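Trainee:
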Amino acid sequence: MCGIVGAVAQRNIVSVLIEGLRRLEYRGYDSCGVAVLANGEPRRARSVARVADLDEQVRDTKLAGETGIAHTRWATHGAPVTDNAHPIFSRDTLAIVHNGIIENYEPLREMLRGKGYEFVSQTDTEVIAHLIHSLYRGDLFAAVRETVRQLHGAYAIAVLHKDQPHTVVGARQGSPLVVGLGDGENFLASDALALAGSTDRFIFLEEGDVCELKLDGVRIVDRDGEPAPREVRQVAAYGGAVELGPYRHFMQKEIFEQPRAISDTIPQADAFDPSLFGDDAPKVFGKIDSLLILACGTSYYSGLTAKYWLESIAKIPTQVEIASEYRYRDSVPNPNALVVVISQSGETADTLAALKHAQSLGHVHTLSVCNVGTSAMVRQTEFTFLTHAGREIGVASTKAFTTQLVALFVLALTLARIRGHLSDAQESSYLKQLRHLPAALNSVLALEPQIIAWSEEFSRKENALFLGRGLHYPIALEGALKLKEISYIHAEAYPAGELKHGPLALVTEAMPVVTVAPNDALLEKLKSNIQEVRARGGQLYVFADSDTRIVNAEGLHVIRMPEHYGLLSPILHVVPLQLLAYHTACARGTDVDKPRNLAKSVTVE
Ligand code: F6R
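Just so you know, we're using the working numbering here: the sequence shown kicks off at -8 and counts up by one.
In structure tokens:
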């Protein structure tokens, strides 16, 4: 998704800006650009290709300056063409980069046209540029503050003006923005990761903040214009570059990192104590009577899986909702519910908005399950459980998902214990199972060669069905999502019992049907569903537990899972589905880590 980098320094900062964009590249974008003040004039380079192309352009044109802003754009208003790429200028006087969406851009554009402003792009961003220009009276900070008061929607912006050397002004509302502090130089970015090469001291701006970067310091005011002292945080973890090592893609590397990520996420403690979620959690967790889980995409599927655990182990009613739907429907708030938001990035706009909506309805207790400790979601919730997946670069989520599952399993056990549904013996048995998970996962990863053999056949298909039952229905959903998003094969998932209510009509020899078949209470039912597919000539690809007695036969292809894992089985069964999607995408030659049209962190609604 869109990325922002800005800097003021007493050296040429173009390479800092380009390096920042490179670090944000993995999030997905379709054009990029950079603008600097060069001899008192804003100059820019823009590209609809990669950041490497932009870098070549700035070298060829010798673009240099000590004040600059840069951007990777993921198109929302207007196609990904050069005219729409940021930085956007207003009358060759000021330059702006913008993440987010301005909802009232149409009336503002009409008003500005009336004042004689010409629009050369189709972006909503150009409205902000001209608005700042129209309000500028020699003070960029004041003009930006006045401008943002007129904007509806979400934005993070960085602006420079030809008359204000060594000054970059930023503002945020609904999109993240972070200040990086240097010695005699300062930076701005949509993600601290972009500045990792330049500083490890950050200020995470809050909603409504406006900031002004100068060489010798940073001024921040809140939405009311009051000086806003914000905490400076030292975050060294952003330092190291992420290397691909022996892997072909980051997605493959991240699939293979799962045993380590899971082991890092499992709490060290010998008991499931609410204090794992925050100091006040022991007081609050005992009082809650239900859960409301809000998330998007893969994170939503981890919530769906957790519902089975929470209701069966902790006996607590659990509702799971797609964040973007929840916020726009009438719902009945329950102040005794714990609202759980699940997110890899902690910056997903839909999930953040759903959290805010829940809070506005009177929900008081909130928990984030998140992979980024400095994210907005973590800062906006009462309790937190951090997953330790490490940085996930591939757009398709893999290790973030399995570590979320671990976190949610720990939540289910914690609530079960506090509600009197977990004996000491059960607690130590679950702990043992959790601790054995990394080893069990390694055995699943060893199935890769068999999965590669299947992926050759899948790569020639245009459709696939995924079936699961119970706990494994969300895993089938996740398998279908992985396949479609990186291989572009149309894939749908169904609870296997639903097959005969419609989707069976799709089953022919050309339709591979992937089935997750653990040895659980629903196995016999699932076997019947498998027969329904075989009887219609469908090709079944089954990931079966070793003791299920499902064996290879005509139209029935079986990969045997190394061991049955009880309630934790979804964490093992999703891994071969990740590998199947990955190798199918490789066989089709798609851009696995950066699938078309997608972005890593979806910071617009
Ligand atoms: C799919 C995927 C997305 C994300 C979704 C939510 O592979 O990665 O569906 O899960 O955009 O993102 P987070 O978890 O960052 O809130």
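Beta carbons: idealized from backbone N, C-alpha and C, even for Gly.
In this text the structure is predicted, and so the values were computed from the model without any measurement.
1) Considering only C-alpha positions, which residue in the set G175, F268 and K475 is nearest to T375?
2) Starting from V139, follow the alpha helix (DSSP H) in both directions and report where the run begins and ends.
3) Would a C-beta distance cut-off of 7 Å place H143 and Q113 closer than the cut-off?
4) A345 and L285: beta carbons closer than 7 Å?
5) Taking one C-beta from the stretch 108 to 123 and one from the stretch 193 to 202 each time, how about it: are there three or more such pairs within less than 8 Å?
6) Go through its chain and collect everything with a Cβ distance to L283's Cβ below 6 Å, but skip five positions before and after it.
7) Is the beta carbon of A387 within less than 6 Å of some heavy atom of the ligand F6R?
8) Assuming G19 and V566 are in contact, meaning their beta carbons sit under 8 Å apart, how far apart are those beta carbons, in whole angstroms?
9) For the alpha helix (DSSP H) holding V369, just list the boundary residues, first then last.
10) Does D182 have its Cβ less than 7 Å from a Cβ in chain D?
11) What are the residues that DSSP puts in a beta bridge with N3?
12) Based on the DSSP output, what are the partners of K639 in its beta bridges?
13) Taking the alpha-carbon positions, what's the T624 to A134 distance?
14) Just the C-alpha distance for L358 and S6, rounded to the nearest angstrom, thanks.
15) How would you label Q530, buried or exposed, when you count the other beta carbons within 10 angstroms and need 16 or more for buried?
16) Going by CA-CA distance only, name the one from L413, T116, A183 and S189 that's closest to A176.
17) When the Cα of D191 is compared with those of S266, D264 and Q225, which residue comes out closest?
18) Is the separation between the beta-carbon of Y573 and that of Q48 shorter than 7 Å?
19) Kindly give me the distance between the Cβ atoms of G56 and I4, rounded to whole angstroms, as I take these residues to be in contact under 8 Å.
20) If we count Cβ pairs, one from each stretch, closer than 8 Å, do we get three or more for the stretch 258 to 278 versus the stretch 403 to 422?
21) Determine, using beta carbons only, whether L458 and Y485 come nearer to each other than 7 Å.
22) Check Q279 in the structure and name its three-state DSSP category.
23) Please tell me whether T389 and E245 are closer than 7 Å, where the distance is taken between their beta carbons.
24) Given a threshold of 16 other Cβ atoms within 10 Å of its Cβ, counted over all protein chains shown, does K53 qualify as buried or as exposed?
25) Let's test the definition: count the other Cβ atoms within 10 Å of the Cβ of T499 and tell me whether it reaches 16, buried, or not, exposed.
26) Sorry if obvious, but does the Cβ on S336 come closer than 6 Å to a heavy atom of the ligand F6R?
27) Between G161 and N362, what straight-line distance do the alpha-carbon atoms span, to the nearest angstrom?
28) Under a Cβ-count criterion, where at least 16 other Cβ atoms within 10 Å of its own Cβ denotes burial, should D207 be classed as buried or exposed?
29) What does the alpha-carbon distance come out to for the pair Y479 and A576?
30) By Cβ distance below 7 Å, which residues in the same chain neighbour K491 in space, the five residues on each side in sequence not counted?
31) Please work out which residues of its chain come closer than 6 Å, Cβ to Cβ, to S537, disregarding the five sequence neighbours upstream and downstream, and give them in chain order.
32) If you draw a straight line from the alpha carbon of I79 to that of S322, how long is it in whole angstroms?
33) Can we say the stretch 204 to 223 touches the stretch 395 to 405, given the rule of at least three CB pairs closer than 8 Å?
Mentor: The answer reads as follows:
1) F268
2) L131 to V139
3) no
4) yes
5) no
6) Q310, A328 and V330
7) yes
8) At roughly 24 Å, the Cβ-Cβ gap does not stay under 8 Å, so G19 and V566 are not in contact.
9) A367 to R370
10) Note that chain D does not occur in the displayed structure, where there is just one protein chain.
11) None, per the DSSP bridge assignment.
12) Only positions -8 to 596 of the chain appear in the structure, and residue 639 is not among them; the question remains open.
13) Because residue 624 is not part of the residues shown, which for the chain are -8 to 596, the question remains open.
14) 40 Å
15) buried
16) Looking at the sequence provided, one finds Glu at residue 176 rather than Ala. With distances taken between Cα atoms, E176 lies closest to S189.
17) Q225
18) no
19) 7 Å
20) yes
21) yes
22) According to the sequence as given, residue 279 is Ile; it is not Gln. Three-state DSSP puts I279 in coil, outside helix and strand.
23) yes
24) exposed
25) exposed
26) yes
27) 26 Å
28) exposed
29) 8 Å
30) E523
31) R551
32) 41 Å
33) no
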